[in-house]
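As given, the protein sequences belong to chains L and F, one line each in that order.
Using my numbering, the letters of the first sequence correspond one by one to residues 2 to 121.
Using my numbering, the letters of the second sequence correspond one by one to residues 1331 to 1461.
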Amino acid sequence: MIKKSFLIVCRRAPYGESYAREALDVALACAAFDQPVAMLFLGDGVLQLSAAQHGAAIGQKSHATQLSALPLYDIETLYVDAQALQARQLDSTDLVLPVQVLAAAEISALFATHDIVLGF
Amino acid sequence: MTTFALMVLGAPLSTQSAHTALAFAQAAVSAGHRIMRVFFYHDGVYCANALAIPPTGETSIAARWSELAQAQQIDLVVCVASAVKRGLLDSDEAKRHQKGTGNIQPGFELSGLGQWVEACLLADRVVTFGA
């Protein structure tokens, strides 16, 4: 079967817009088709992983809970932009899943090493 | 000759991406390439709205996509989850939820993300518009 490596790039915060949930659905669909998938969180996208989120307070399912399905689908390669975390005064211990924190140059390299890059 | 899979995420009128995607598809076809599938996701599902009435003298984007798809045998697939939550229902979904007769432009089909993943695997190039 054809296999292509997918990089799902998430740049937006959860809840206010539906991109976060839709990006996750694409990642899960790729995994369901046995395709290697990695996710990259940039800018406000890092907020999707924050442990300090309370979707119930605004009548929505917690996005962090939705993301915790990723390991069940064998999606374990999660990259986070170091600068995005720093700008939001977060570090990897504030996040709900284990991540690799990357510097800008390392992030650029990711785009070259994946067959298909989808941004949300 | 290159085969393309396109994803459209922007709604017509609110964003340019829906229109750029159509223009890209038309240009690609004129240049001898093939668009194997267009997948409408996020607000892009609004491109399939049969109830959108364009201003006088203009053709609706839904009709323009449908016309191109018919002429070039392009699959126009609308993500069923994204569509239903935005009020775009085909006749089956409309019946299931008891909401009238449906409003999807003929030529578009509601289906799942599996269609998008398959298109990514089969096409030479993948291009996304609007996110």
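Glycine included, C-beta positions come from ideal geometry on N, C-alpha and C.
These numbers come from a predicted model, not from an experiment.
What's the C-alpha gap between L:V27 and L:L50?
Your numbering for residue 27 of chain L matches position 26 in the first sequence. Your numbering for residue 50 of chain L matches position 49 in the first sequence. If I take the Cα positions, the gap works out to 17 Å.
Would you check if the distance between the CB atom of F:T1333 and the CB atom of F:M1366 is smaller than 7 Å?
Counted from its first residue, the second sequence places residue 1333 of chain F at position 3. Counted from its first residue, the second sequence places residue 1366 of chain F at position 36. Cβ atoms of F:T1333 and F:M1366: closer than 7 Å.
Bridge partners for F:E1439 per DSSP, in chain order?
Here residue 1439 of chain F is taken as the residue at index 109 of the second sequence, counted from 1. Looking at the DSSP assignment, F:E1439 forms a beta bridge with F:V1407.
Does at least one heavy atom of the ligand GDP sit under 6 Å from the Cβ of F:R1416?
With respect to the ligand GDP, the structure shown offers nothing to examine, as it has no ligands at all.
Taking 8 Å as the threshold, find out whether the segment 10-20 of chain L comes into contact with the segment 44-62 of chain L through three or more Cβ pairs.
Flag = yes, the segment 10-20 of chain L and the segment 44-62 of chain L touch.
Residues of its chain near F:A1382, where Cβ-Cβ distance is below 8 Å and the 5 sequence neighbours each way are ignored
Counted from its first residue, the second sequence places residue 1382 of chain F at position 52. Counting only Cβ-Cβ distances below 8 Å, and skipping sequence neighbours, we find P1342, Y1376, S1390, I1391, A1392.
Taking beta-carbon pairs under 8 Å, can you tell me which members of the segment 89-108 of chain L lie near chain F?
Listed by position along the chain: nothing, the set is empty.
Can you name the residues that DSSP bridges to F:N1379?
To locate residue 1379 of chain F, count along the second sequence from 1; it is residue 49. Bridge partners of F:N1379 according to DSSP: F:I1434.
Please say whether L:I117 and L:F7 have beta carbons closer to each other than 7 Å?
Position 6 of the first sequence, counted from the start, is the residue given in the question as residue 7 of chain L. Position 116 of the first sequence, counted from the start, is the residue given in the question as residue 117 of chain L. Cβ atoms of L:F7 and L:I117: closer than 7 Å.
Closest Cα partner of F:C1409 within the set F:A1453, F:S1344, F:R1455, F:A1378
Locating residue 1409 of chain F in the second sequence gives position 79, counting from the first residue. The shortest C-alpha separation from F:C1409 is found at F:A1378.
Please list the segments of the alpha helix (DSSP H) lying wholly inside the segment 1346-1370 of chain F, counting only runs of 4 or more residues, in order along the chain.
Qualifying alpha helix (DSSP H) stretches, in chain order: 1347-1360.
Under 8 Å: do the segment 1445-1461 of chain F and the segment 1422-1429 of chain F share three or more Cβ pairs, one atom per stretch?
Judged by Cβ distances under 8 Å, the segment 1445-1461 of chain F makes no contact with the segment 1422-1429 of chain F, as fewer than three pairs qualify.
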